[in-house]
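Respectively, the protein sequence lines represent chains G and W.
If you read the first sequence in the numbering used here, its first letter stands for residue 1, the second for the next number, and so on.
If you read the second sequence in the numbering used here, its first letter stands for residue 1, the second for the next number, and so on.
All C-beta atoms in this analysis are idealised placements derived from N, C-alpha and C, irrespective of residue type, glycine included.
Quick caveat, the model's predicted, so the values are computed rather than measured.
There are 2 protein chains.
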Amino acid sequence: MTDLAHFDAGDVTLQSGVVLPGVRVAYVTHGRLNDARDNAVVFPTHYSGTHASNAWAIGPGMALDPEKYFIIVPNMLGNGLSSSPSNTPAPFDGPRFPLVTVRDNVLLQHRLVTEQFGLTTLALVAGYSMGAQQAFQWGALFPDMVQRIAPWCGSARTSRHNWLFLEGCKCALLADAAFAGGDYTVPPVAGIRAFARVYAGWAWSQTFFRQQLDRDRLGLPSMEAFLSLAWEPSFQAHDANNLLAMLATWQAADISADPRFDDDLAVALAAISARAMIMPCRTDLYFPSEDSEIEVAQMPNAELRVIPSVWGHMAGGGLNPDDAGFINAALAQLLATPV
Amino acid sequence: MTDLAHFDAGDVTLQSGVVLPGVRVAYVTHGRLNDARDNAVVFPTHYSGTHASNAWAIGPGMALDPEKYFIIVPNMLGNGLSSSPSNTPAPFDGPRFPLVTVRDNVLLQHRLVTEQFGLTTLALVAGYSMGAQQAFQWGALFPDMVQRIAPWCGSARTSRHNWLFLEGCKCALLADAAFAGGDYTVPPVAGIRAFARVYAGWAWSQTFFRQQLDRDRLGLPSMEAFLSLAWEPSFQAHDANNLLAMLATWQAADISADPRFDDDLAVALAAISARAMIMPCRTDLYFPSEDSEIEVAQMPNAELRVIPSVWGHMAGGGLNPDDAGFINAALAQLLATPV
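Here it is as structure tokens:
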């Protein structure tokens with residue numbers, strides 16, 4: 001893996017019409033571009049993750065093998081490494097950071113891979129969760145460039161229920177007066193704690209906790225230990241405005257929000273000509289497999305392959321070897337399939 | 001229906017060992033006790049509900065017909081009508097109100113029906129959600145008295161995941177500094193708002209919102225209208241300490257927490273000799289039908305009948321005529337079955 005690099009995109013007109021100055025996309029790459037320039041993979045990051053969160057799926061002998069592929073991992077805006085509330089100067093700092101959409105992210109990634117690397121084809125765009133949303137968006141916007149997509153535990157458009165789950169998390173954070181409209185001087189610890197505890201109920205499945213896999217597989221002696229030692233610190237490590245910026249991106253995710261699709265999701269899904277492997281998890285509470293079934297039925301070249309796991313949404317995050325193996329095998333098969 | 005009456009239980013030693021003085025159980029009754037004194041039904045209330053919330057399931061021609069049955073609806077402690085943080089004097093007022101368990105509620109109800117009405121048999125104990133938890137508890141503690149139980153959308157013990165969902169709601173409320181450790185002078189509006197928005201994601205199902213039944217069946221033009229006009233006011237109407245007291249009851253619910261069962265849920269479930277009709281909803285997110293299946297398998301005289309609805313947990317609340325009809329038909333069949 002390379003060191004973290006930055007693509008300077010300059011002043012960018014966002015989907016909202018706001019012009020955000022000095023936009024940067026932080027990214028890493030794994031492997032080398034081949035002479036034919038046809039072995040590039042884009043693997044965007046997920047909510048509250050960074051390029052490091054994707055590392056589990058990349059390695060020698062794996063589907064995303066740096067010996068074979070040139071794998072670009074762009075950090076999603078808002079995550080603290082790419083342009084974010086926490087690193088953007090006034091007047092777009094903190095709570096004044098504008099809405100950045102999945103489409104905005106993908107258009108920036110498109111500039112990165114074309115302007116920086118001169119690519120005209122991508123062997124694959126893969127992603128988990130909000131990374132999956134970016135993969136769908138890539139497929140819809142650049143059908144002539146994207147040969148394959150592999151979105152897992154994600155959707156082409158954030159469902160109304162998924163929006164509501166996020167709204168609950170957001171309101172929990174905002175209930176903390178220490179948030180101070182985003183102009184806090186010390187982190188709103190109680191708000192982030194509430195945010196994390198609300199989130200925890202959604203991220204795993206009912207069955208995961210019934211089977212006490214938090215204890216037996218994550219090695220935590222109690223629910224309280226799980227929450228306070230394992231779960232909350234990962235959110236407390238984030239800037240609150242960054243958490244809310246990425247959440248806004250997620251709530252607004254909709255590949256059909258583009259003039260060529262006119263907000264018609266069926267039209268946008270039909271435009272994804274790439275060979276697609278769609279992998280929801282059977283027990284995901286916010287990207288339920290039923291949503292993926294409905295989307296796959298509207299895509300011309302897509303296969304639904306449900307991850308048979310009780311790890312809920314977290315099945316896609318690489319923590320559970322069985323699920324990671326399932327995803328890796330599917331990616332390998334997809335990459336081996338000629339297009 | 002009678003006017004609201006109060007059973008004065010005096011000083012009560014709670015399961016925790018705390019002695020709560022001047023305990024009162026507010027209740028209403030429907031219909032009349034027959035000469036044989038064998039037509040009594042106990043129908044306890046659910047979280048954030050009152051006796052009025054149960055009225056939809058009672059009426060002429062329905063299973064719970066006041067012409068045939070003497071139906072007692074006791075209000076759960078903490079709901080603002082029975083002893084609650086909001087109506088209990090110091091030193092047990094507000095946040096100093098002690099933990100009241102499902103078992104405490106049921107033992108008080110047992111005193112109500114024996115001391116006040118001289119009953120020795122109950123034709124049925126029925127209940128929704130936390131009311132279902134009370135029905136399970138009745139069956140386990142008083143097998144010689146309870147002929148039938150009908151718990152729907154509930155469980156004999158709060159699952160670890162259900163506990164976590166509630167913990168998220170609680171933390172969202174507590175994140176509001178206006179809560180002031182429970183000694184607020186004005187209601188913690190932002191905290192209750194957050195509580196309600198977190199709760200909303202759990203109460204219905206993903207499919208309910210995908211099918212836009214909030215719009216088409218509840219008549220609300222948008223998700224925001226649903227939340228701010230229909231959902232939040234029902235929680236803002238409650239005292240925050242009352243919401244948290246009932247939540248603590250829920251988190252602690254466990255019919256096996258009794259010396260005779262020694263915390264062994266299998267033993268407690270096996271003790272429920274009453275004819276039981278257990279009705280989870282297929283899409284309930286916090287009392288999943290899988291939990292009910294597991295419980296029914298450990299009960300000697302129980303039938304599992306899954307409510308085939310996309311209304312999630314709310315299927316049991318009487319809002320949707322199809323679900324209300326399903327429950328009513330099952331209750332009628334159960335009551336018609338000799339024991």
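Which ranges would you report for the beta strand (DSSP E) in the region 93 to 157 of chain W if only whole runs of at least 3 residues count? 124 to 128 and 148 to 152
Per DSSP, which residues does G/I58 bridge with? Please list them. G/L64
Between the alpha carbons of W/R111 and G/I294, how many angstroms are there, rounded? 54 Å
Exposed or buried, G/D340, counting other C-beta atoms within 10 Å across all chains shown (16 or more means buried)? Given a span of 1 to 339 for chain G in the structure shown, any question on residue 340 of chain G remains unanswerable.
Cross-chain neighbours of G/L164 in chain W, by beta carbon under 7 Å: A200, G201, F209 and M223
Can you tell me whether DSSP reads G/D8 as helix, strand or coil? strand
Identify each residue in the region 130 to 161 of chain G for which the Cβ-Cβ distance to at least one residue of chain W is less than 9 Å, and report them in chain order. S159, R160 and H161
When the Cα atoms are used, what is the spatial distance from G/G317 to G/S129? 9 Å
Quick check: is the beta carbon of W/Y184 nearer than 9 Å to any beta carbon in chain G? no
Measuring straight from C-alpha to C-alpha, what distance separates G/T121 and G/V339? 12 Å
When the Cα of G/E167 is compared with those of W/A315, W/E232 and W/R197, which residue comes out closest? W/R197
Local conformation of W/F209 per DSSP, three classes: helix
First and last residue of the uninterrupted alpha helix (DSSP H) at G/M277: Unbroken run through G/M277 is the beta strand (DSSP E), R275 to I278; no alpha helix (DSSP H).
Go to G/I327, then tell me how far its alpha helix (DSSP H) extends in each direction, as first and last residue. P321 to A336
Skipping 5 residues on each side, what residues in its chain have a beta carbon closer than 7 Å to that of W/D3? none
Is it buried or exposed for W/N320, if we count other Cβ within 10 angstroms and need 16 for buried? buried
Do you know whose CA, among G/S292, G/A276, G/Y286 and G/D263, lies nearest G/T337's CA? G/A276
Step through the CB atoms of chain W and report whether any lies within less than 9 Å of the CB of G/C281. no
Starting from G/H30, follow its DSSP beta bridges and name the residues at the other end. G/I71
So the candidates are W/L335, W/R157 and W/L218; which of them puts its Cα closest to the Cα of W/A132? W/R157
Taking the Cβ atom as the reference point for each residue, do W/T249 and W/N105 lie within a distance shorter than 9 Å? yes
The alpha helix (DSSP H) enclosing G/L265, as first and last residue numbers: L265 to A270
Quick check: what's the CA-CA separation for W/L14 versus W/L141? 16 Å
Do W/L64 and W/I71 come within 9 Å of each other at the CB atom, strictly closer than that value? yes
From the beta carbon of W/L174, is the nearest beta carbon of chain G less than 9 Å away? yes
Give the interface partners of W/E167 over in chain G, defined as CB-CB distance under 9 Å, in chain order. R197, V198, A200, G201, M223 and L227
Cβ atoms of G/S234 and G/S340: under 9 Å apart, would you say? Outside the shown range of chain G, which is 1 to 339, sits residue 340 of chain G, and nothing can be said about it.
Pick helix, strand or coil for G/G49, following the three-state DSSP scheme. coil
Is the region 242 to 257 of chain G touching the region 92 to 104 of chain G in the sense that three or more CB pairs, one from each, lie closer than 8 Å? yes
Give the straight-line distance between the Cα atoms of W/N34 and W/V113, rounded to the nearest whole angstrom. 14 Å
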